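Just below is one structure, and these are the notes that go with it.
There are 2 protein chains.
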Amino acid sequence: MTPEEVIEGVRAGKRRAIGRAISMTEQPGADGRAVLAALHPHTGRAIRVGLTGPPGADKSTLTAALVRHLRAAGTTVAIVSVDPSSPFTDGAVLGDRIRLVDHFLDDGVFIRSMATRGHLGGLSEATGHAVEILDAAGFDVVIVETVGAGQNEVEVQALAETVVLVLIPGSGDAIQAIKAGVMEIPDVIVINKADRPGAGVLASEIDQALTLVPIDGWKPPVLLTQAIDGDGVVELWGAIIDHRAALAEGDALDARRRDGMRRRLRVLALERMARDLDAAIDDAALDALAARVVAREVDPSAAADTMTAATRKEADGE
Amino acid sequence: MTPEEVIEGVRAGKRRAIGRAISMTEQPGADGRAVLAALHPHTGRAIRVGLTGPPGADKSTLTAALVRHLRAAGTTVAIVSVDPSSPFTDGAVLGDRIRLVDHFLDDGVFIRSMATRGHLGGLSEATGHAVEILDAAGFDVVIVETVGAGQNEVEVQALAETVVLVLIPGSGDAIQAIKAGVMEIPDVIVINKADRPGAGVLASEIDQALTLVPIDGWKPPVLLTQAIDGDGVVELWGAIIDHRAALAEGDALDARRRDGMRRRLRVLALERMARDLDAAIDDAALDALAARVVAREVDPSAAADTMTAATRKEADGE
Numbered sequence: 002m003t004p005e006e007v008i009e010g011v012r013a014g015k016r017r018a019i020g021r022a023i024s025m026t027e028q029p030g031a032d033g034r035a036v037l038a039a040l041h042p043h044t045g046r047a048i049r050v051g052l053t054g055p056p057g058a059d060k061s062t063l064t065a066a067l068v069r070h071l072r073a074a075g076t077t078v079a080i081v082s083v084d085p086s087s088p089f090t091d092g093a094v095l096g097d098r099i100r101l102v103d104h105f106l107d108d109g110v111f112i113r114s115m116a117t118r119g120h121l122g123g124l125s126e127a128t129g130h131a132v133e134i135l136d137a138a139g140f141d142v143v144i145v146e147t148v149g150a151g152q153n154e155v156e157v158q159a160l161a162e163t164v165v166l167v168l169i170p171g172s173g174d175a176i177q178a179i180k181a182g183v184m185e186i187p188d189v190i191v192i193n194k195a196d197r198p199g200a201g202v203l204a205s206e207i208d209q210a211l212t213l214v215p216i217d218g219w220k221p222p223v224l225l226t227q228a229i230d231g232d233g234v235v236e237l238w239g240a241i242i243d244h245r246a247a248l249a250e251g252d253a254l255d256a257r258r259r260d261g262m263r264r265r266l267r268v269l270a271l272e273r274m275a276r277d278l279d280a281a282i283d284d285a286a287l288d289a290l291a292a293r294v295v296a297r298e299v300d301p302s303a304a305a306d307t308m309t310a311a312t313r314k315e316a317d318g319e
Numbered sequence: 002m003t004p005e006e007v008i009e010g011v012r013a014g015k016r017r018a019i020g021r022a023i024s025m026t027e028q029p030g031a032d033g034r035a036v037l038a039a040l041h042p043h044t045g046r047a048i049r050v051g052l053t054g055p056p057g058a059d060k061s062t063l064t065a066a067l068v069r070h071l072r073a074a075g076t077t078v079a080i081v082s083v084d085p086s087s088p089f090t091d092g093a094v095l096g097d098r099i100r101l102v103d104h105f106l107d108d109g110v111f112i113r114s115m116a117t118r119g120h121l122g123g124l125s126e127a128t129g130h131a132v133e134i135l136d137a138a139g140f141d142v143v144i145v146e147t148v149g150a151g152q153n154e155v156e157v158q159a160l161a162e163t164v165v166l167v168l169i170p171g172s173g174d175a176i177q178a179i180k181a182g183v184m185e186i187p188d189v190i191v192i193n194k195a196d197r198p199g200a201g202v203l204a205s206e207i208d209q210a211l212t213l214v215p216i217d218g219w220k221p222p223v224l225l226t227q228a229i230d231g232d233g234v235v236e237l238w239g240a241i242i243d244h245r246a247a248l249a250e251g252d253a254l255d256a257r258r259r260d261g262m263r264r265r266l267r268v269l270a271l272e273r274m275a276r277d278l279d280a281a282i283d284d285a286a287l288d289a290l291a292a293r294v295v296a297r298e299v300d301p302s303a304a305a306d307t308m309t310a311a312t313r314k315e316a317d318g319e
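Those protein sequences? They're chains C and P, same order as listed. Numbers given in our numbering equal positions in the first sequence, counted from 1, plus 1. Numbers given in our numbering equal positions in the second sequence, counted from 1, plus 1.
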């Protein structure tokens, strides 16, 4: 497929073209850039939702429950998974557990996993591109599923307008991270597997943590779900829609998008620079340099200077 | 103090000079570079230990207990804290709780907190420099205390030869992260606050997690501590020393140092590039560019190209 065919296919919502477009933009090069440049004017329509939380919070089942809920209403959904512990990312969708098997033949659902693929570009970069492509392809909702509690490499805040933090009873780390100010405040907080002991304790810990941090405007609701049975999923989607409606008052949605784009552009530029660095200083060169520093023949700062100068030279010569 | 006086003072183990040296290397510039270049040949003697884990694992109390144990044996210790939730980092050392107040007048202990300071350079960069300076100053042991479960910006693996992961009962996230392969395997695992319910469950979860990941050579011991009473601290130090002895067999210690230095050099170079980027594209320029992308006048890739080209031009002109 030529870039032109891919662009046309994405605009027409064709699955093969969408998959090809994402693959093209995972690699650095002119084809991917042409695809992104042509599709970008058609973005901005989808509702972009980020689903994040520690590994084991069963975000996948919650995503699957959201998909069922949305499909029942005729809403189309695309999922970008960057959670290496997610069964989506394993490539092995575990039938009953995930229940997305229901949607295998459904053109209104598209699933793409990112984390285990070989990205020559950065993972954040590739994930952002995938979200743009799925938006341009006309999906009503794009869900980005990431692992981590705000410390992840893929900054979900930069890609999604509404960020949902998924926790389970017994996982206190994220709450500690909120208290410590090392984690950004999500827009919606979900306690999944709420039938487990400790759900009530966790909810009150969250309430306490939220009183310790400054919040202006939207106060994140704390919801209980049992994704495996679909319990609480209607309320979760309602909270996401409420958050979006709150953003849409005044200039907040646009401000959020500009803020996200600022972060995303910076990450894009840094990932490109990292790629230039790795092209300029290959493994052997880095090994040799590290050995010289450990042998105390050169200091780390001077070695880093050598690396950045070589990178600029290489990138300028491109 | 001139850079020469600072260098001389650090070599003589003078506290004021050490503090000044760390501050100098927190800022980009010729003075910091001169200090690092002069001190680097004198590094490599200290035992470098990383202490990491989720916020709330009470790493500070464990660090304090280690310090007491080491000081009782006449061993000198420096601590570099990059945990924003740590009381060390708050600047407010909480007397009884931390118990480092015992060492305020002790020249054999030096504490430096990094996370809340204004670093014009990157935090990883500044932390690495501080470790080098404290090593060159002659401290027997340098402890780096970082928050996070392996996903932190400050890569403790790059700075320490032995990495201790500190968990508490109820914190399952780190175990999930080990299982999912998103976290590097630590060298020693500590369950702190081991008197709390769930310590035994956590220990068996860890054992199970460790059977799921490939481990060759050193198998991380799992220890129970109650840092507040000093319980288990002798065993912890024993495990750290055992790990170091295992590394010292053959070429492993040197290989570990080279591996750490490879990571550190790459981070150093990337942090420098990030600084160049922020110098070339200030907030106003980034705002304007992000607004144009959100308005769909330019696509993100093209905007990132503009940013990297401007950065190279700026850095070359330096």
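Where a beta carbon is used, it is the ideal one built from N, C-alpha and C, also for glycine. Just so we're clear, the structure is a prediction, and the values are computed from it rather than from any experiment.
Under the rule that 16 or more other beta-carbon atoms within 10 Å means buried, what is residue i, buried or exposed?
i, result
"P/Pro215", "exposed"
"C/Lys220", "exposed"
"C/Gly218", "exposed"
"C/Glu27", "buried"
"C/Gly10", "buried"
"C/Asp136", "buried"
"P/Asp300", "buried"
"P/Ala304", "buried"
"C/Ser61", "buried"
"C/Gly57", "buried"
"P/Ala285", "exposed"
"P/Asp230", "exposed"
"P/Lys314", "exposed"
Taking the straight line between their C-alpha atoms, what separation do you get for residue i and residue j?
i, j, result
"C/Gly251", "C/Asp188", "18 Å"
"C/Ala22", "C/Ala292", "42 Å"
"C/Ala73", "C/Ile241", "17 Å"
"P/Val142", "P/Leu71", "9 Å"
"P/Ala31", "C/Ala38", "42 Å"
"P/Ala159", "P/Ala256", "12 Å"
"P/Thr44", "P/Arg69", "24 Å"
"C/Ile80", "C/Leu124", "16 Å"
"C/Met274", "C/Gly129", "17 Å"
"P/Thr77", "C/Ile112", "55 Å"
"C/Gly261", "C/Leu166", "17 Å"
"C/Val7", "P/Leu211", "44 Å"
"C/Gly109", "C/Arg16", "10 Å"
"P/Leu248", "P/Arg258", "10 Å"
"P/Arg34", "C/Ser302", "7 Å"
"P/Met2", "P/Pro29", "17 Å"
"P/Pro4", "P/Gly14", "15 Å"
"C/Leu254", "P/Asp279", "26 Å"
"P/Val234", "P/Glu185", "23 Å"
"P/Ser24", "P/Arg12", "16 Å"
"C/Val363", "C/Ser82", "The structure shown does not extend to residue 363 of chain C, since chain C spans only 2 to 319, so no value can be given for it."
Among the options, whose alpha-carbon lies nearest the alpha-carbon of residue i?
i, options, result
"C/Ala127", "C/Asp243, C/Arg16, C/Ala246 and C/Ser114", "C/Ser114"
"P/Gly199", "C/Val202, C/Ala195, C/Gly171 and C/Ile207", "C/Gly171"
"P/Gly139", "P/Ala304, P/Gln158, P/Thr53 and P/Ile19", "P/Ile19"
"C/Glu236", "C/Leu40, C/Gly318, C/Val191 and C/His41", "C/Val191"
"P/Ala316", "C/Met2, C/Ala305 and C/Thr309", "C/Thr309"
"P/Trp238", "P/Val157, P/Asp306 and P/Ile144", "P/Ile144"
"P/Ile134", "P/His41, P/Ala280 and P/Arg267", "P/His41"
"P/Val36", "P/Ala131, P/Ala285, P/Asp277 and P/Asp243", "P/Ala131"
"C/Ala270", "P/Leu287, P/Ser82 and P/Pro222", "P/Leu287"
"P/Gln227", "P/Pro4, P/Ala285, P/Met25 and P/Thr64", "P/Thr64"
"P/Ala296", "C/Arg46, C/Met25, C/Arg267 and C/Arg12", "C/Arg46"
"C/Glu146", "C/Pro55, C/Gly75, C/Ile229 and C/Gln209", "C/Pro55"
Looking only at its chain, what residues have a beta carbon closer than 6 Å to the beta carbon of residue i, apart from the 5 residues adjacent to it on each side?
i, result
"C/Arg197", "Pro170"
"C/Val294", "Pro301 and Ala304"
"P/Arg265", "Gly129 and Ala159"
CB-CB under 7 Å to residue i, same chain, minus the five flanking residues each way: which ones, in chain order?
i, result
"C/Leu203", "Leu168, Pro170 and Ile192"
"C/Val164", "Gly51, Thr53, Val157, Gln158, Pro187 and Asp188"
"C/Arg245", "Ile48, Glu162 and Thr163"
"P/Ile207", "Ile176, Ile190 and Val223"
If I measure Cβ to Cβ from residue i and keep anything under 8 Å in the same chain, skipping five residues before and after, which residues do I get?
i, result
"P/Ile282", "Leu290, Met308, Ala311 and Thr312"
"P/His107", "According to the sequence provided, residue 107 of chain P is Asp. The question's His does not apply to it. The answer, listed in chain order, is Arg72."
"C/Leu224", "Val189, Ile190, Val191, Ile192, Gly233, Glu236, Leu237 and Ala240"
Please tell me whether, using a cut-off of 7 Å, the distance from the CB of residue i to the nearest non-hydrogen atom of the ligand FMN is below it.
i, result
"P/Asp188", "Of the ligands one can find in the structure shown there are none, so the ligand FMN has no counterpart to examine."
Could you name the residues of chain B that residue i contacts, counting a contact when the two beta carbons are closer than 8 Å?
i, result
"P/Asp288", "Annotation note: the requested chain B is absent from the structure, which comprises protein chains C and P."
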